[in-house]
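Q: Below is a structure I'd like to ask you about.
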Amino acid sequence: MNTSSRLLYWMLFGAFSLMGSWAHAHIEKGFPEACIQYSLENTFPAISAGEPSNYFVKCPSDKAEPQRGQKRPQYSSYEIREIHKAFVNITDCLSIEPQALFPKLMMESGFHPTIQNPNGDAGIGQLTSRAITDVDKVLGDYKDYIWKSSKPSCRWLKSSTTARRGIWEAALPKGKCSLMTRSLNPIKNLLYVGIFHRLNMDYINSEFQRRHIPYLLELTGFPVEKADSLKRILLGLGYNTGGATAVRNLEDYLLSRYDFIQRKSHELANPIYLTLSEQERKKILASVSEDDFDFTNGLSRLEKIKKSIKENLLQQNPDMNPTDLERSIGFALRNRSSSQLTFPEWLKIWQSHGGPGYLSHLSQYAAKVEKKFGPGICSNLQFYQVR
């Protein structure tokens with residue numbers, strides 16, 4: 011085993027086990043095929059089966075350019091079974107909870123193998139060029155690990171890919187079709203998704219330490235022993251922003267909350283506040299709590315705040331044009347103290363990469379799936395809360 015492979019092995023089954031239970035995957039052997047079927051049939055409802063759309067593409071070969079304007083597929087039982095088989099084996103092999111990935115992929119692509127958004131993001135994982143580049147760099151190391159693993163799911167993956175050399179060749183030099191062509195997929199796309207997920211775990215762990223997040227949590231009053239739940243939340247966000255950027259967003263939020271706490275602490279030093287209870291002091295200081303990281307509550311409160319700001323602006327200037335109005339609303343929100351905002355609300359205003367509000371939207375998908383199939387079957391709402 012070479013040096014990079016040893017590092018990869020340690021990353022997968024050593025370092026994460028020491029860094030917290032968030033990375034310990036509870037693999038659901040019975041992850042239902044019905045979840046995949048539900049996703050394929052209930053996403054992109056505006057496009058009927060057999061209807062041409064620029065979202066659906068054709069890839070004659072792994073080196074071809076995607077040809078847009080294809081008909082939305084009608085999937086056979088065999089095709090659904092093959093997507094399901096690839097998904098459960100790849101997540102199991104890489105020790106990933108399928109319930110953590112399923113809502114993301116349902117929201118991103120609906121699990122359609124030959125779908126591409128206007129930005130060019132490819133296939134089931136809607137993989138960006140940057141994500142593909144990151145995976146390309148470590149693809150050989152993961153192949154080495156999988157080839158040596160005795161896990162049945164890894165042995166299935168080895169057997170299923172041995173005769174298809176293109177799966178273990180870097181994707182980006184060939185182009186996006188290598189992640190959507192029928193001869194290599196859905197296995198290659200889902201393999202890249204799984205590896206990207208594992209890389210984000212690594213980025214989040216390293217950035218947590220580099221940016222001293224546990225110390226910031228302590229300074230802002232958050233129970234540090236629950237930091238693993240935050241890592242799990244950031245892993246969901248990292249699919250949209252990248253793992254390192256997700257942690258940087260958390261750092262910015264905590265620093266802004268700490269700034270408020272510091273200023274309020276000077277006020278509480280006044281002797282007239284000496285009789286306050288600890289609970290009263292925390293309320294005045296706006297200490298960070300578990301509730302500040304609950305993505306299942308939606309953003310209705312923030313929408314009410316925006317509506318109030320809009321009404322006030324229009325009272326002052328009824329003739330304000332829509333562009334100036336939106337700009338002024340955004341300016342007012344960004345000038346709002348972070349002590350008055352939960353992390354989901356703060357991300358909707360300040361998220362630096364990807365789509366602001368991504369994780370709040372993702373939790374809605376998870377809730378919809380959980381309502382359909384029950385808790386923990388296809389999705390798990392606890393991944394979007396601090397527990």
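Residues in the sequence shown are numbered consecutively from 11, following our numbering. We put the beta carbon where it would ideally sit given N, CA and C, even for glycine. Note that this is a predicted model, so its numbers are computed, not measured.
Determine contact between the region 266 to 276 and the region 194 to 205, defined as no fewer than three beta-carbon pairs at a distance below 8 Å.
A: Cβ pair count under 8 Å is below three, so no.
Q: If L240 sits next to F303, beta carbons under 8 Å apart, how far is it from one beta carbon to the other, in whole angstroms?
A: Residue mapping note: residue 240 aligns to position 230 of the sequence shown, counting from 1. Residue mapping note: residue 303 aligns to position 293 of the sequence shown, counting from 1. About 6 Å; that satisfies the 8 Å criterion.
Q: Starting from L137, follow its DSSP beta bridges and name the residues at the other end.
A: Stepping through the sequence shown from its first residue, residue 137 is reached at position 127. In DSSP, L137 forms a bridge with A132.
Q: Mapping DSSP to helix, strand and coil, what is I243?
A: If you number the sequence shown from 1, residue 243 lands on position 233. The answer is helix: DSSP assigns I243 an H, G or I state.
Q: Quick one: any contact between the region 169 to 186 and the region 139 to 147, if contact means 3 or more CB pairs under 8 Å?
A: Yes, the region 169 to 186 touches the region 139 to 147.
Q: Beta carbon of L312, beta carbon of K358: below 7 Å?
A: Within the sequence shown, numbered from 1, the residue matching residue 312 stands at position 302. Within the sequence shown, numbered from 1, the residue matching residue 358 stands at position 348. Cβ distance < 7 Å, so L312 and K358 count as in contact.
Q: Spell out the partners DSSP gives K81 in its beta bridges.
A: Start at 1 with the first residue of the sequence shown, and residue 81 comes out as number 71. Answer by DSSP bridge pairing, in chain order: P62.
Q: Leaving out five residues before and five after H94 in sequence, what residues of the same chain have Cβ atoms less than 7 Å from its Cβ?
A: What you label residue 94 is simply residue 84 of the sequence shown in a count that begins at 1. So the list reads E43 and I46, once near-sequence residues are dropped.
Q: Quick check: the region 243 to 252 against the region 356 to 373, are there 3 or more CB pairs under 8 Å?
A: Yes, the region 243 to 252 touches the region 356 to 373.
Q: Assuming G133 and S49 are in contact, meaning their beta carbons sit under 8 Å apart, how far apart are those beta carbons, in whole angstroms?
A: Sequence index remark: in the sequence shown, residue 133 carries index 123 (1-based). Sequence index remark: in the sequence shown, residue 49 carries index 39 (1-based). Not a contact, Cβ separation roughly 14 Å.
Q: In the DSSP output, which residue or residues are listed as bridge partners for K68?
A: By 1-based counting over the sequence shown, the position of residue 68 is 58. Answer by DSSP bridge pairing, in chain order: Q77.
Q: So what's Q361 in DSSP terms, helix, strand or just coil?
A: The sequence position of residue 361 within the sequence shown is 351, counting from 1. In this structure, Q361 counts as coil in the three-state DSSP scheme.
Q: Helix, strand or coil for Q392, going by three-state DSSP, please let me know.
A: Stepping through the sequence shown from its first residue, residue 392 is reached at position 382. Residue state, collapsed to three classes: helix.
Q: Given this structure, state the Cα-to-Cα distance separating L351 from T333, to the nearest angstrom.
A: Counting from one through the sequence shown, the residue named residue 351 turns up at place 341. Counting from one through the sequence shown, the residue named residue 333 turns up at place 323. Their backbone Cα atoms lie some 25 Å apart in a straight line.
Q: Three-state secondary structure (DSSP) at I339?
A: Your numbering for residue 339 matches position 329 in the sequence shown. In the structure shown, I339 sits in a helix (DSSP, three-state: H, G or I).
Q: Quick check on this structure: which residue in K236, T191, P162 and L104 has the alpha carbon closest to the alpha carbon of Q77?
A: The residue labelled residue 77 in the question sits at position 67 within the sequence shown. The option with the nearest alpha carbon to Q77 is T191.
Q: Can you tell which of T255, S63, C164 and G308 has its C-alpha closest to the C-alpha of H371?
A: On the sequence shown, residue 371 is found 361 positions in, with the first residue counted as 1. Selected option, being the one with the closest Cα: G308.
Q: Comparing C-alpha positions only, which one of S349, P354 and K320 sits nearest to F341?
A: Translated into the one-based positions of the sequence shown, residue 341 becomes position 331. Answer by Cα proximity: K320.
Q: For the putative contact between L260 and L286, defined by C-beta atoms under 8 Å, what is the C-beta separation to the nearest angstrom?
A: Residue 260 sits at position 250 when you count from the first residue of the sequence shown. Residue 286 sits at position 276 when you count from the first residue of the sequence shown. In fact, because the Cβ distance is near 29 Å, the residues do not count as touching under 8 Å.
Q: Do S163 and D102 have their beta-carbon atoms positioned less than 7 Å apart in this structure?
A: Position 92 of the sequence shown, counted from the first residue, corresponds to residue 102. Position 153 of the sequence shown, counted from the first residue, corresponds to residue 163. Going by C-beta atoms, D102 is nearer than 7 Å to S163.
Q: Which term fits R208, buried or exposed, when burial requires 16 or more other beta carbons within 10 angstroms of its beta carbon?
A: By one-based count along the sequence shown, residue 208 stands at place 198. The residue is buried, with at least 16 neighbouring Cβ atoms inside 10 Å.
Q: If you draw a straight line from the C-alpha of Y375 to the C-alpha of R165, how long is it?
A: On the sequence shown, position 365 is the one that residue 375 refers to. On the sequence shown, position 155 is the one that residue 165 refers to. C-alpha separation (whole angstroms): 32 Å.
Q: Could you tell me the distance, in whole angstroms, from the CA atom of F270 to the CA atom of P233?
A: Here residue 270 refers to the residue found at position 260 of the sequence shown. Here residue 233 refers to the residue found at position 223 of the sequence shown. Approximately 18 Å, taken between the alpha carbons.
Q: Classify I106 as helix, strand or coil using the three-state DSSP reduction.
A: Within the sequence shown, residue 106 is the residue found at index 96, counting from 1. Three-state DSSP puts I106 in coil, outside helix and strand.
Q: Where does H34 sit, in a helix, a strand or coil, going by DSSP?
A: By one-based count along the sequence shown, residue 34 stands at place 24. Low confidence applies to H34: its pLDDT is 42, below 50, so where it sits in the model is not reliable enough to give any reading.
Q: Hey, how far is the Cα of V145 from the Cα of R273?
A: Walking along the sequence shown from the start, residue 145 turns up at place 135. Walking along the sequence shown from the start, residue 273 turns up at place 263. Their Cα atoms are separated by approximately 44 Å.
Q: Is it the case that the Cβ atoms of E380 and L391 are separated by a distance below 7 Å?
A: Residue mapping note: residue 380 aligns to position 370 of the sequence shown, counting from 1. Residue mapping note: residue 391 aligns to position 381 of the sequence shown, counting from 1. Yes, the Cβ-Cβ distance between E380 and L391 is below 7 Å.
Q: What's the call for A56, buried or exposed, on a 16-neighbour Cβ count within 10 Å?
A: One-based indexing of the sequence shown puts residue 56 at position 46. Exposed.
Q: How far does the alpha helix (DSSP H) with I315 in it reach, from first residue to last?
A: For the purposes of this step, residue 315 is taken as residue 305 along the sequence shown, with counting starting at 1. Note, I315: alpha helix (DSSP H), S310 to Q326.
Q: Just list the residues that DSSP pairs Q126 with in beta bridges.
A: In the sequence shown, the residue the question calls residue 126 occupies position 116. According to DSSP, Q126 bridges with A132.
Q: On the three-state DSSP scale, how would you describe T230?
A: Position 220 of the sequence shown, counting from 1, holds the residue named residue 230. DSSP places T230 in coil when its eight states are reduced to three.
Q: Report the three-state DSSP secondary structure of P332 (helix, strand or coil).
A: For the purposes of this step, residue 332 is taken as the residue at position 322 of the sequence shown. Helix, per DSSP.
Q: Could you give the DSSP three-state label for H222: helix, strand or coil?
A: Looking up residue 222 in the sequence shown gives position 212. Coil at H222, not helix or strand.
Q: Kindly indicate which three-state DSSP category T191 falls into: helix, strand or coil?
A: The residue you call residue 191 lines up with position 181 of the sequence shown. T191 falls in the coil class under three-state DSSP.
Q: Taking all protein chains shown into account, do 16 or more other C-beta atoms lie within 10 angstroms of the C-beta of T143, making it buried, or fewer, making it exposed?
A: As a working note, residue 143 is residue 133 in the sequence shown. Exposed, since its Cβ has fewer than 16 Cβ neighbours within 10 Å.
Q: State the start and end residues of the unbroken alpha helix (DSSP H) segment that holds S348.
A: Working through the sequence shown from its first residue, we reach residue 348 at position 338. Taken as a continuous stretch (DSSP letters only), S348 belongs to no alpha helix (DSSP H), as it is neither H nor E.
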